[in-house]
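*Asks:* Before I ask anything, let me first share the structure, which is written out below as structure tokens.
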């Protein structure tokens, strides 16, 4: 299976006549679900494009991304258009469109800002602290729902939080939480990879109490909304 890094490479093309940035890539057929490219994989391509667009600005950090999936993508060439909708003192609103064979597949709205700097000193994780705490004091960085540190579970590739899992089995929660990491050393967990991981969670019908729960199956993705924050 090709690495995530290799299948998310983008090439920046000359800007379009309307001033929008233009990127090209290739959707890999292996990173698919039932013949259609994985929605989180496509979100990763979007994030890499808008990150590259914003990298040299004074607001380089993605804070929120909203995506609307209009049509299913197919393996093959893909093109992305990125432009600024509005820029303020603290926020930049970007738009991004994903095109394939002259058809609009995905529309995106993104908010970029300047995140607070990371602290130079961090306290070690404490098993008495039942949450993973944000690295920054920003109110835009909520605490994750994880109740157990992933290193305690022994499985670092795909490890479900045991307390959240128990709450789900007892029908007391619709939360889902897991620790995920790539197996290949060349694949880095960056903001683009977070787009992929965010689309791995169980669908809500699978999180319902046992008497109402349905068997796992594929749901085509229509919309996605993601907020970014920094964690230990």
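Numbering (this note's numbering), first residue to last: 81 to 312. All residues carry an ideal CB built from backbone N, CA and C; glycine is no exception. Since we're looking at a predicted model, the values are computed, not measured.
Answer yes or no: do residue 155 and residue 117 have a C-beta to C-beta separation smaller than 8 Å?
*Replies:* yes
*Asks:* Can you find the residues in the same chain that come closer than 7 Å, C-beta to C-beta, to residue 109, ignoring five residues on each side of it along the sequence?
*Replies:* 155
*Asks:* Report all residues from its chain with a CB closer than 7 Å to the CB of residue 264; omit the five preceding and five following residues, and keep chain order.
*Replies:* 83
*Asks:* What are the boundary residues of the alpha helix (DSSP H) that includes residue 172?
*Replies:* Element bounds for residue 172: not the alpha helix (DSSP H) but the beta strand (DSSP E), 172-180.
*Asks:* Would you identify the three-state DSSP class for residue 162, choosing helix, strand or coil?
*Replies:* strand
*Asks:* What do you get for residue 279, buried or exposed, if any count of 16 or more other CB atoms within 10 angstroms of its CB means buried?
*Replies:* buried
*Asks:* Among the residues of its own chain, which have a CB less than 6 Å from the CB of residue 236, if the five just before and after it don't count?
*Replies:* Low confidence applies here, because residue 236 scores a pLDDT of 46, under 50, leaving its location unreliable; read the following figure in that light. 261, listed in sequence order.
*Asks:* Any idea if residue 135 is buried or exposed, counting beta-carbon neighbours within 10 angstroms, 16 or more meaning buried?
*Replies:* exposed
*Asks:* Near residue 153, which residues of its chain fall below 7 Å by C-beta distance, leaving aside the five closest residues on each side in sequence?
*Replies:* 107, 116, 117, 122, 180 and 185
*Asks:* Classify residue 111: buried if its beta carbon has 16 or more other beta carbons within 10 angstroms, exposed otherwise.
*Replies:* Buried is the call here.
*Asks:* Which two residues bound the contiguous alpha helix (DSSP H) that contains residue 85?
*Replies:* 84-87
*Asks:* Based on the DSSP output, what are the partners of residue 105 in its beta bridges?
*Replies:* 158
*Asks:* Measuring alpha carbon to alpha carbon, tell me which residue in 255, 148 and 161 is nearest residue 94.
*Replies:* 161
*Asks:* How about the region 247-255 and the region 96-103: do they share at least three Cβ pairs that are nearer than 8 Å?
*Replies:* no
*Asks:* Which same chain residues end up closer than 8 Å to residue 248 when comparing Cβ atoms and leaving out the 5 residues on each side of it in sequence?
*Replies:* Cβ neighbours of residue 248 beyond the five flanking positions: 254, 255, 256 and 287.
*Asks:* For a test of the three-state rule: what should DSSP assign to residue 127, helix, strand or coil?
*Replies:* helix
*Asks:* Would you give the residue range spanned by the alpha helix (DSSP H) that residue 244 belongs to?
*Replies:* 242-249
*Asks:* The beta strand (DSSP E) that contains residue 258, what's its start and end?
*Replies:* 258-260
*Asks:* Can you look up residue 122 in the DSSP assignment and give me helix, strand or coil?
*Replies:* helix
*Asks:* Quick one: grab the DSSP three-state call for residue 148.
*Replies:* strand
*Asks:* Excluding the 5 residues flanking residue 293 on each side, which residues of the same chain have their C-beta closer than 8 Å to its C-beta?
*Replies:* Counting only Cβ-Cβ distances below 8 Å, and skipping sequence neighbours, we find 285, 286 and 287.
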